[in-house]
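K.L.:
Quick note: the sequence shown uses numbering that gives the first Met the number 0, first residue 0, plus one each step.
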Amino acid sequence: MKRKLLASVAFALWTASPVIGISAVQAQSTQPQQSEQTAPATSYSDTQLEEYAAAAVEVRDLNVKWQKRAQKSANPAEVQKIRQQASAEMVQAIRDEGLSIKEYNEITQAALQNPELSERINSFVE
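(1) Does the stretch 92–112 touch the stretch 62–81, meaning 3 or more C-beta pairs lie closer than 8 Å?
(2) Could you give the residue range of the alpha helix (DSSP H) that holds Glu-163?
(3) Under three-state DSSP, which class holds Ala-55?
(4) Following the continuous alpha helix (DSSP H) through Asn-74, name the residue where it begins and the one where it ends.
(5) Can you check whether the CB of Ala-53 is closer than 8 Å to the CB of Glu-96?
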């Protein structure tokens, strides 16, 4: 279960990218363009990783919930509303754990590139 968390979170982000991407861009639109080119930090505190793990589990669960709802609808306008609601809930779940969308995305990218970091994150998943 633990080993699959990061893969399922990455998949959730990929499948929900139209959803998360819109909100993430809106949430970060006030930040300078230069920050997008900054490399993600490679050292994270246990507190940050614990917050990330909790947020990642919630994002994964929300993605499953909202994907099921979207798949049941044949109406594109309804699917768009579902995606907007999903995005809002995922963003709120991340923020509720004390992370910004930028921090969450940076940790995700770093963990996908660093197996040791991924293992540290998985150690916080119960």
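C-beta atoms are modelled at their ideal positions from N, C-alpha and C, and glycine is treated no differently.
Remember, predicted model here, so these are calculated numbers, not experimental data.
P.N.:
Considering the structure as presented:
(1) no
(2) With the chain running from 0 to 125 in the structure shown, residue 163 is simply not present.
(3) helix
(4) Asn-74 -> no alpha helix (DSSP H), and no H or E assigned at all.
(5) yes
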